[in-house]
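In full-length UniProt numbering, the protein residues as written are 1 to 152. Here a beta-carbon is modelled for each residue, glycine too, at the ideal position from N, C-alpha and C.
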């Protein structure tokens, strides 16, 4: 996946089992779609927590937040119950969406996905990508910094 490409549409279950799509969640605005490694891992708790805590600024900038992992639904439910993120955490249990976004790792990798955040414009175009395995909280900061350049 590269900047300027169309982001693949997806349909994945949220914590309630309701299937949600990228276009529905993005609405008429932008979306920050981030892939996190697994529920409960301390660095993922920090990442989801920072996306949660920055919600007001994302909202002001017309940007939905969407977290995706390859965890089973029951694990996503428990994680969302604990974190109370205020945005959807989606389950990509078979990794099909992760593969479309080119973040899925090989079968024997230590982590199922590469940590990446995709900022997607209202027309579905990828505007910005943040990459970094250990810099989970920086994903939020870098995404917001880029959004600030767009909105002044």
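Touch test, the region 138-149 against the region 49-57, Cβ-Cβ under 8 Å, three pairs minimum: yes
Anticipated Cβ contact below 8 Å, residue 120 with residue 113, distance rounded: Their Cβ separation, rounded to whole angstroms, is 17 Å, which puts residue 120 and residue 113 out of contact at 8 Å.
Straight-line gap, residue 57 to residue 102 (C-alpha atoms, nearest Å): Residue 57 and residue 102: Cα-Cα distance of roughly 28 Å.
Buried versus exposed call for residue 11 [16 or more other C-beta atoms within 10 Å across all chains shown]: exposed
Contained alpha helix (DSSP H) runs [length at least 4] in the UniProt domain "Thioredoxin" (1-152), N- to C-terminal order: 22-26, 42-53, 55-60, 73-83, 96-100, 136-151
C-alpha distance - residue 3 paired with residue 128, whole-angstrom precision: 6 Å
Between the CA atoms of residue 46 and residue 139 - distance to the nearest angstrom: Here the C-alpha atom of residue 139 lies approximately 11 Å from the C-alpha atom of residue 46.
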